[in-house]
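*Asks:*
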Amino acid sequence: MKVEMALHGTLMARLRSRLQDEQKALRDRFLAAGDAPLLLHQRCRLVDEILQELWSELSLPPSLALVAVGGYGRGELYPASDVDLLILLPELPGEVLTAQLERLVCLLWDIGLETGHSVRTLEQCLEEAAGDTTVQTAMIEARLLAGSSTLFQGFRSLLKGSLDGRAFFQTKRMEQEDRHQRFSDTPCSLEANCKDGPGGLRDLQVILWIAQAADYGRCWHDLEKLGFITDEEGQLLEQSEAFLRRLRIHLHLHAGRREDRLLFEYQTALAERLGFTATAASRSSEQLMQEYYRTARTIAQINSIVLQNIGAALFPLPDEPPQPINERFQKTHDLLDVVHEGVFVDTPEAILEAFLLRQQHSDLNQMSARTQRALWRARDLVDDAFRHNPDNRSRFLAIIKQGRGLVLELRRMHQFGILGRYLPAFGQIVGQMQHDLFHVYTVDQHILQVTRNLRRFTMEEFAHEYPLCTRLISDLGDPWILYIAALFHDIAKGRGGDHSELGAVDAKQFCDEHSLAPEDTELVVWLVRQHLVMSRIAQKQDISDPAVVARFAVIVGDERHLIALYLLTVADIRGTSPKVWNAWKGQLLEQLFSATRRFLLSREAPPLPEGAIAHRQQEALRLMRYLALPDAAHERLWKEVDTVYFLRQTAEEIAWHADTLHDCVDSAQPVVKARLNPFGEGLEVMVYTQDQTDLFLRMVGFFSRAGYNIVDARIHTTRHGYALDTFILFDISDRDSDRAMITYVEHELAERLSHQSPVDVPATGRISRQVKHFPLQPLVSIQPLVSLEPDETGKLFVLTVVAADRPGLLFIVAKQLAEHHANLHTAKIATLGERVEDTFLISGSELEESAGRVRLETDLLKHLQI
């Protein structure tokens, strides 16, 4: 036994050394020559030889078979891919064979092979494969490595006999659709997945798997011979596959592990390895990603054509004459078909007509493969003459106005390369990266996402998502105006200058050329120019202040402009990233919308603060009666708060405060009350305590330690020296237990404030990958607040902080404010993905001198640097 173990130890060491040495040699040769197929096949051959030697040395029974499956079986073994193996048995193993197989598996790992293995009899293989296309897919590409060829051939015969090409086709197509949906049906993510994303390597593999299951061949040349693809398409597939192979190999080598996402931190290194060079106009990483997006769109287009052709062969329809639609198009088995392949060359105007017909005829499920090919080849016909043709302009506008199928057809036009040719400004932003830390899509994809969001507001099946938006868009009358604004709102990004102003110029030209009515043109241009203003005001200014609402009302002018801007703003924020939109932002926008709408409809001068306060107090008193409070319960607290308190708190919050504090206005002990945020997710926390040193810093530190992020803070100091502060908190720890945390927050924070415990220092967290790769230079400014008269607190200043988000950032700001003896009056915390734009209203004797403000700005900048 000792001798056997020694032999195995020697064998393991030798094979492990060989694997390491030869894989390093393969890596070096690839980096020198860049031959992707050679590396993939040579790594397979290396692993083949090691496995065959190991199999032989272990003297396993000759009746067994060692089989490569999956990508390894296909002969493509990427640097960090698993080695997928199937050990075929003629019958269930006994104890001795089981021990031998366990030893084999252990040795594989000891050698350094990351394997995925299964041990099955023929019967078990068939049982496992029955109805499971994932197993069938792995087995389709099985390749014998060692052992019984008779057993392997029996396995191949049984598998082939059990495969149903039609069922396999349907399942794989549905799997692909589901996979694409996980990536929002676009390859244009800023950190795309080059394997599983739309237009990635998996889309190529799906075609070949289906072809093999249907016995149509194993390679592009086979499909070409059978007429499923053209020679041109075959060449494009080979070129696209070659690019993605090289890209994925470099990605694995650079990451040092299996990684298929083109993460920001890898893109520059990958670009340089693939020969892209930075220029004054673009980074090398941007050039790489644009090439990737072009490749992915090509693959997606051909994938659609090929699967449609294979589907037609697998599911032949009965012969029936095509139904004419007009002299250029016909309906063939529910497909929009051209009457001949030269239709678009003969009549370029039919290019846009094809998309319009799909919208107008609900019985046309798809375009025929012939139509898709003809459209793709005709994209270069969309030139200046085409764009200036009045009929084409009418058709494009009709597509926008049609409504039904709008997003699908715009995406098709984009995929065919037609949208960017018809709108040259759109063509300039195709594949353009956005390094602003909150967008997750390229500019072109973001624009289509915003259009899609607006379109969903009009659809009954999505009315539950944003019922207010659904009601408003029906009141607007012409939603297509919003779609045009969406197409142009970011179309000028990357040109330098204000993209809103530049985009407004493009929008004006489009509207004039397409003969929009003057009032519609004015609205579109205005929306493009002002598309950021509502979100900025809602997130950075005190929207409970009637003066803020009045100023915004002057900008919008009337109800139509307000509704249109609100709808575009919601759709725009939702189209940036899943991280950016949340219920709190939605509530802020809705509050600003409602207040402005009331002001516009009243057609009166902005209410004086006294009038707004009186109205809010009356509403708060009405709510207090529902709480069965004594009539005078509020009086003691209200005598101690100033007018700003009533402007910044809602009537519901004023009533809540009165209910909580009516019998403890002079309490010597801190009062902390928490509840679920009535306006959405998270917690709302009220803190009432005698003012103390570093109070805001203590609270920020505690909330951060408790796993909460402050998204809004309203700070008040009463006339008798008490702090009355309200916070909106979001859980960033993924506990999903806000209700359970209420008691903890109330008790623990009250204890810390009561004993004036040392400040909780936030836990050091990891800086996100995006922030590391695209560091944002912090911006800090302190400006006098000239719109308000100084009150008893002294002169007020607006502190603006723009920085990359990271754990403890607000704590850094609070600490600097404390060290510079600045009093905080209110805070607007705006987080946009990985970017924060926070605004603080502060005062303090040090700030009244310019030198003091400069010192605070300098210290903040120093501590905010990453």
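Heads up, the sequence shown is in the numbering used here, so the first residue is 24 and it goes up one at a time. Note that beta-carbon positions come from the ideal geometry of N, C-alpha and C, so glycine has one too.
Would you kindly work out how many angstroms separate the C-alpha atoms of V579 and L585, rounded to a whole number?
*Replies:* For the purposes of this step, residue 579 is taken as residue 556 along the sequence shown, with counting starting at 1. For the purposes of this step, residue 585 is taken as residue 562 along the sequence shown, with counting starting at 1. For V579 and L585, the distance between alpha carbons rounds to 6 Å.
*Asks:* Spell out a yes or no on whether the segment 493-502 and the segment 342-351 are touching, meaning 3 or more CB-CB pairs, one atom from each, closer than 8 Å.
*Replies:* Touching, no.
*Asks:* Once the 5 residues before and after A319 are set aside, which same chain residues still bring their CB inside 6 Å of it?
*Replies:* Numbered from its first residue, the sequence shown carries residue 319 at position 296. Within the same chain, A319 has close Cβ partners P210, G222.
*Asks:* Excluding the 5 residues preceding and the 5 following D107 in the sequence, name in chain order all residues of the same chain whose CB lies nearer than 8 Å to its CB.
*Replies:* By one-based count along the sequence shown, residue 107 stands at place 84. Cβ within range, chain order: A91, V92, G93, G94, Y95, G96, T138, G139, H140, A161.
*Asks:* Quick check for students: name the residue ranges of the alpha helix (DSSP H) that lie wholly in the segment 224-278, counting only runs of 4 or more.
*Replies:* Fully enclosed alpha helix (DSSP H) runs of 4 or longer: 224-236, 243-248, 254-278.
*Asks:* At a cut of 8 Å, does the segment 440-449 reach the segment 404-415 through at least three beta carbon pairs?
*Replies:* Output reads yes: the segment 404-415 touches the segment 440-449.
*Asks:* Using 10 angstroms around the beta-carbon of I755, count the other beta-carbons present and answer buried if the total reaches 16, otherwise exposed.
*Replies:* As a position in the sequence shown, residue 755 is number 732, starting the count at 1. By the 10 Å Cβ count, I755 comes out exposed.
*Asks:* Taking three-plus beta-carbon pairs below 8 Å as touching, is the segment 704-715 in contact with the segment 663-670?
*Replies:* no
*Asks:* Go through its chain and collect everything with a Cβ distance to E871's Cβ below 7 Å, but skip five positions before and after it.
*Replies:* What you label residue 871 is simply residue 848 of the sequence shown in a count that begins at 1. K818, listed in sequence order.
*Asks:* Going straight from the alpha carbon of L879 to that of F863, what length do you get?
*Replies:* Translated into the one-based positions of the sequence shown, residue 879 becomes position 856. Translated into the one-based positions of the sequence shown, residue 863 becomes position 840. Using only the alpha carbons, I get a separation of about 13 Å.
*Asks:* Thinking C-alpha only, which one of E842, T370, I733, E264 is nearest F352?
*Replies:* Within the sequence shown, numbered from 1, the residue matching residue 352 stands at position 329. Measuring from the Cα of F352, the nearest candidate turns out to be T370.
*Asks:* Specify whether the segment 302-312 and the segment 283-291 touch according to this definition: at least 3 beta carbon pairs, one from each stretch, less than 8 Å apart.
*Replies:* yes
*Asks:* Taking the alpha carbon of L237 as the point to measure from, which residue in L270, L227, R196, D187 has its own alpha carbon closest?
*Replies:* Walking along the sequence shown from the start, residue 237 turns up at place 214. Reading the sequence as shown, one finds Ala at residue 237 and not Leu. Cα-wise, what sits closest to A237 is D187.
*Asks:* Determine the closest residue to R645 out of W679, C492, I328, with distance taken between C-alpha atoms.
*Replies:* For this step, residue 645 is matched to residue 622 along the sequence shown. Among W679, C492, I328, the Cα nearest to that of R645 belongs to W679.
*Asks:* Measure from the alpha carbon of D71 to the alpha carbon of each residue in D861, G170, P84, then state which is nearest.
*Replies:* The sequence position of residue 71 within the sequence shown is 48, counting from 1. Among D861, G170, P84, the Cα nearest to that of D71 belongs to G170.
*Asks:* Using 10 angstroms around the beta-carbon of D521, count the other beta-carbons present and answer buried if the total reaches 16, otherwise exposed.
*Replies:* Translated into positions along the sequence shown, residue 521 becomes position 498. Classification of D521: exposed, given that the 10 Å Cβ count is below 16.
*Asks:* Would you list, in sequence order, the uninterrupted alpha helix (DSSP H) runs of no fewer than 4 residues that lie entirely inside the segment 707-795?
*Replies:* As far as the segment 707-795 is concerned, its whole alpha helix (DSSP H) runs of at least 4 residues are 718-728, 761-778.
*Asks:* Indicate whether the contact test is met: 3 or more Cβ pairs, each with one atom in the segment 174-181 and one in the segment 73-90, closer than 8 Å.
*Replies:* yes
*Asks:* Between I374 and D414, what straight-line distance do the alpha-carbon atoms span, to the nearest angstrom?
*Replies:* The residue you call residue 374 lines up with position 351 of the sequence shown. The residue you call residue 414 lines up with position 391 of the sequence shown. Answer to the nearest angstrom: the Cα atoms are 12 Å apart.
*Asks:* Are V556 and K531 closer than 8 Å when you measure CB to CB?
*Replies:* Taking the sequence shown and counting its residues from 1, one reaches residue 556 at position 533. Taking the sequence shown and counting its residues from 1, one reaches residue 531 at position 508. Result no, Cβ atoms of V556 and K531 do not sit closer than 8 Å.
*Asks:* Give the DSSP-derived three-state secondary structure of S40 in the structure shown.
*Replies:* One-based indexing of the sequence shown puts residue 40 at position 17. Of the three classes helix, strand and coil, the one that applies to S40 here is helix, per DSSP.
*Asks:* Ordered along the chain, which non-local residues of its own chain (more than five positions away) have a Cβ less than 6 Å from that of W503?
*Replies:* Taking the sequence shown and counting its residues from 1, the one referred to as residue 503 is at position 480. So the qualifying residues of the chain are I423, K424.
*Asks:* Relative to the C-alpha of C217, which residue among R268, L42, E146 is closest?
*Replies:* The residue labelled residue 217 in the question sits at position 194 within the sequence shown. It is R268 whose Cα lies nearest to the Cα of C217.
*Asks:* Taking three-plus beta-carbon pairs below 8 Å as touching, is the segment 682-697 in contact with the segment 649-665?
*Replies:* yes
*Asks:* If V825 sits next to P807, beta carbons under 8 Å apart, how far is it from one beta carbon to the other, in whole angstroms?
*Replies:* Translated into positions along the sequence shown, residue 825 becomes position 802. Translated into positions along the sequence shown, residue 807 becomes position 784. About 19 Å separates the two Cβ atoms, so there is no contact after all.
*Asks:* Should the segment 530-546 be regarded as contacting the segment 564-578, the criterion being three or more beta carbon pairs within less than 8 Å?
*Replies:* no
*Asks:* Measure the alpha-carbon distance for T363 versus L379 and round it to whole angstroms.
*Replies:* Counting from 1 along the sequence shown, the entry for residue 363 is found at position 340. Counting from 1 along the sequence shown, the entry for residue 379 is found at position 356. Correcting the residue identity first, residue 363 is His in this sequence and not Thr. If I take the Cα positions, the gap works out to 19 Å.
*Asks:* Looking at the secondary structure, which residues open and close the beta strand (DSSP E) in which A91 lies?
*Replies:* In the sequence shown, counting from the first residue as 1, residue 91 sits at position 68. Where A91 is concerned, the enclosing beta strand (DSSP E) stretches over 88-91.
*Asks:* So, does the segment 507-516 touch the segment 469-486, judging by three or more C-beta pairs under 8 Å?
*Replies:* Segments in contact, yes.
*Asks:* Starting from D219, trace the alpha helix (DSSP H) in both directions and tell me its first and last residue.
*Replies:* The residue you call residue 219 lines up with position 196 of the sequence shown. No alpha helix (DSSP H) holds D219; DSSP gives it neither H nor E.
*Asks:* Closest by CA to T157, which one among K195, T121, L167, R143?
*Replies:* Taking the first residue of the sequence shown as position 1, residue 157 is located at position 134. Out of K195, T121, L167, R143, K195 has the C-alpha closest to the C-alpha of T157.
*Asks:* Mind checking R271: buried by the 16 CB within 10 Å criterion, or exposed?
*Replies:* Indexing the sequence shown from 1 puts residue 271 at position 248. Result: buried.
*Asks:* Can you give me the start and stop residues for the alpha helix (DSSP H) that R281 sits inside?
*Replies:* If you number the sequence shown from 1, residue 281 lands on position 258. Careful: R281 lies outside any alpha helix (DSSP H) and carries neither H nor E.
*Asks:* Note down, in chain order, each residue of its chain lying with its Cβ closer than 7 Å to the Cβ of L62, except the 5 sequence neighbours on either side.
*Replies:* The residue given as residue 62 occupies position 39 in the sequence shown. Closer than 7 Å at Cβ, skipping near neighbours: L49, F53, I272.
*Asks:* Of all the alpha helix (DSSP H) runs that stay within the bounds of the segment 446-519, which reach a length of 4 or more residues?
*Replies:* 447-451, 466-480, 490-499, 503-511
*Asks:* Using a Cβ-Cβ cutoff of less than 6 Å, which residues in the same chain neighbour H356 once the five nearest sequence positions on both sides are dropped?
*Replies:* One-based indexing of the sequence shown puts residue 356 at position 333. Once the five neighbours on either side are set aside, the close Cβ partners of H356 are L340.
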